[in-house]
Every structure is written in structure tokens, then in C-alpha cells.
Amino acid sequence: MITPEQIQSNWDKFLGFIDTYISGERGEKLKQFYLRHEERFVMMPASHKSQYHNCFPGGYIDHVNRVVEAALKIDAVWREFEMVDTYTTEELVFSALNHDLGKFGDEQNASYIEQTDQWRRDKLNETYMFNDRLEYMTVPDRGLYLLMTNGIEYTKNEFLAIRTHDGLYEEANKAYLMGFTPETKPRTSIMFVVHQADLLAARVEFEKEWLPKLLGEKKVEEKKQTNNFKLNKNNSAVKQKALKTMVNPALAELMKNIW
Ligand SMILES: [Fe+2]
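Converting from the sequence shown to our numbering requires adding 45 to each position, the first position being numbered 1.
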């Protein structure tokens with residue numbers, strides 16, 4: 046769960062990403078779309094089952110912001126390893142911002158609504174349920190459809206990144222991601238960067254919620270302390286020297302916090 050203050054600051058951060066990275070008229074249209082549905086977006090969970098991730102009010106924007114931040118950092122790592130430049134930062138942030146937009150539902154019906162079955166609330170701890178007034182569509186397809194019907198254009202890279210953001214967890218993505226000849230392999234790595242960012246964010250959100258329950262609060266706290274000890278110990282001349290050798294300042298900043 047997150048506090049009302051966090052929900053508000055997450056929303057400001059989300060709008061800030063649009064202002065900073067999405068240019069021109071398209072940026073304005075995207076911002077207006079989100080502002081028109083502000084109440085729904087601000088309170089949306091990222092999923093409707095607590096077994097998944099960020100299943101609480103404000104969980105959706107919290108998740109999306111994490112994916113945007115992770116995408117920018119993962120992009121820096123790929124560039125450090127000489128990934129060919131096949132997409133722009135605007136395309137990367139646009140894809141991350143809208144990768145899960147299909148979870149919104151449509152203009153009239155939210156995808157996730159309050160669980161009305163008291164037994165499921167009590168026994169299964171379910172706060173939300175899927176709204177069956179909505180016709181079935183996959184999350185990526187509904188997201189792309191929403192962008193299209195709101196007059197928000199997207200590039201081919203953005204289409205591919207949003208469409209395949211679940212990576213190989215989604216059977217249907219095999220056709221895009223498992224080409225066995227050079228001609229059928231993706232011609233951009235944006236799809237892998239967005240997928241890795243989403244995977245990282247969802248995993249971290251799962252860990253925060255479930256590891257204390259599965260391992261016990263005490264064990265998780267002990268692991269954190271051991272990790273902090275290692276970080277302090279490694280704050281050495283060797284680390285400083287290694288950081289200086291990195292040509293990419295964004296990667297050096299990232300590794301400074303990781304080592
Ligand atoms: Fe996601």
C-alpha cells in the first residue's frame with residue numbers, strides 16, 4: 046500500500062514524464078487524455094489480484110513510473126554495450142508510459158472494479174474483480190486501441206514495444222521475438238528494453254509485498270542489512286577507479302548506486 050501523499054507525488058511525476066519526454070502536439074494530446082480520466086488513473090491498481098503486483102489504490106501509476114525509470118537506466122546499460130541506435134528516448138518513454146494502458150478499460154468501464162462477492166473478499170482477500178462488462182481484449186491491444194481512438198499517434202517502434210512488452214511470457218509474442226532467421230528477428234531492441242524494465246518493476250513490486258510474508262519480516266530485514274554491509278565495504282578505491290573508466294556518465298551513475 047502507498048500513502049495519499051505518495052499517490053499525489055506519483056501522479057505529478059507521471060505528468061512530468063509526459064512534459065519532459067513527449068514532444069509537441071502529441072505530448073499535449075497524451076497529457077489531456079490522462080487528465081480527462083485523472084480520478085480513475087490516480088486510484089487504479091496495477092492488477093486485480095493481490096497474488097500479482099501492486100494490487101492497491103495508486104498501484105498502477107506507481108508501477109508505470111517505475112517502468113519508465115527502469116527503462117531509462119536499462120537503456121543506458123544496453124548503450125554501454127554498444128547496442129545499435131534504432132529508437133529515440135521519446136519512443137522509449139512513450140512505450141513505457143503506455144505499456145499497460147489497456148488495464149484502464151474503456152471510457153465507460155474500468156477493468157478492475159470492487160469485488161462484490163463477500164466470500165471472496167474475506168477468504169481470498171480479493172479487493173478487486175475483473176469488470177465483465179468489458180469485451181475481451183489483451184492489455185496491449187486495448188492500450189493501442191485507446192491511443193488510436195484518442196487520436197494519439199504512435200510510431201512502429203512504439204507499437205512493437207507496447208505490443209510485446211510481456212516478452213515470452215505471452216505465447217503470441219513468439220512470432221515477434223523468436224525469429225530464427227536474421228530477416229525475421231526484431232530490427233530494434235526497444236522491445237527488449239521495455240520488457241526488461243517491466244519485468245524488473247513487477248518483480249520488485251512482488252518482492253516488496255510477498256517476501257516479508259513468505260520469508261518473514263525478520264529474514265528480509267537481515268538480508269537488507271547484509272547487503273548494506275557489502276555496499277559499504279565495496280565503497281573503495283577500486284570502485285572509484287572502475288567508475289572513472291566508464292565512458293557513459295548515465296551508466297557510471299547507475300553503477301555507483303549498484304556497487
Ligand atoms: Fe507493466
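Note that CB positions come from ideal geometry on N, CA and C, so glycine has one too.
Cβ neighbours of residue i in the same chain (closer than 6 angstroms, five flanking residues each side left out)
{"i": "R166", "result": "Q160"}
{"i": "T131", "result": "T233"}
{"i": "L312", "result": "With the chain covering 46 to 304 only, the question about residue 312 has no answer from this structure."}
{"i": "L256", "result": "V265"}
{"i": "F78", "result": "N195"}
Close beta carbons around residue i, own chain, < 7 angstroms, minus the five adjacent residues each side
{"i": "P185", "result": "G147, I207, R208, H210"}
{"i": "T134", "result": "Y66"}
{"i": "G150", "result": "S156, N176, L179"}
{"i": "M88", "result": "P102, G103"}
{"i": "M162", "result": "Note that residue 162 corresponds to Asp in the displayed sequence, not to Met. Here the set comprises nothing."}
{"i": "D243", "result": "V112, H144, H210"}
{"i": "T200", "result": "E136"}
{"i": "W164", "result": "none"}
{"i": "A246", "result": "H108, R111, V112, A115"}
{"i": "S92", "result": "H98, N99, C100"}
{"i": "E198", "result": "R71"}
{"i": "M46", "result": "F101"}
Given residue i as reference, the closest of the options once Cα atoms are compared
{"i": "F126", "options": "I106, G150, S234", "result": "S234"}
{"i": "E180", "options": "E215, E298, Q153, N55", "result": "Q153"}
{"i": "T183", "options": "R111, S54, G224, N218", "result": "N218"}
{"i": "T194", "options": "V112, Q163, N55, K74", "result": "K74"}
{"i": "F237", "options": "K58, L191, V112, T226", "result": "V112"}
{"i": "E203", "options": "G224, N143, S54", "result": "N143"}
{"i": "K58", "options": "P294, E114, F78", "result": "E114"}
{"i": "M71", "options": "D145, S92, G196", "result": "Per the sequence presented here, residue 71 reads as Arg, with Met not at that position. Per the Cα distances, G196."}
{"i": "Y173", "options": "G224, P90, V129, E198", "result": "P90"}
{"i": "G292", "options": "F86, R124, E83, V129", "result": "In the sequence as displayed, the identity of residue 292 is Val instead of Gly. The option with the nearest alpha carbon to V292 is R124."}
{"i": "E215", "options": "T226, E198, E228, H240", "result": "H240"}
One or two residues paired with residue i in a DSSP bridge
{"i": "F175", "result": "Y157"}
{"i": "G359", "result": "Beyond the ends of the chain as shown, which are 46 and 304, falls residue 359; an answer cannot be given."}
Sequence-distant residues of its chain with Cβ nearer than 8 angstroms to residue i (five each side left out)
{"i": "L222", "result": "T209, G212, L213, P231, M236"}
{"i": "Q285", "result": "none"}
{"i": "G224", "result": "K230, P231"}
{"i": "E262", "result": "none"}
{"i": "Q379", "result": "The displayed coordinates of the chain run from 46 to 304. Any statement about residue 379 would go beyond what the structure contains."}
Proximity test, residue i beta-carbon vs ligand 3 heavy atom, cut-off 8 angstroms
{"i": "L179", "result": "Of the ligands this structure carries, namely ligand 1, none is ligand 3."}
- Can you pull every residue whose C-beta falls closer than 5 angstroms to some heavy atom of ligand 1, listed in chain order? Sorted by position in the chain, D145, D243 make up the residues whose C-beta lies under 5 angstroms from a heavy atom of ligand 1.
- At least 3 beta-carbon pairs within less than 8 angstroms: the stretch 96-105 vs the stretch 115-122: no
- Specify whether the stretch 250-260 and the stretch 83-98 touch according to this definition: at least 3 beta carbon pairs, one from each stretch, less than 8 angstroms apart. yes
- Message: Does the contact criterion of 3 or more C-beta pairs under 8 angstroms hold for the stretch 136-143 versus the stretch 56-70?
- Response: yes
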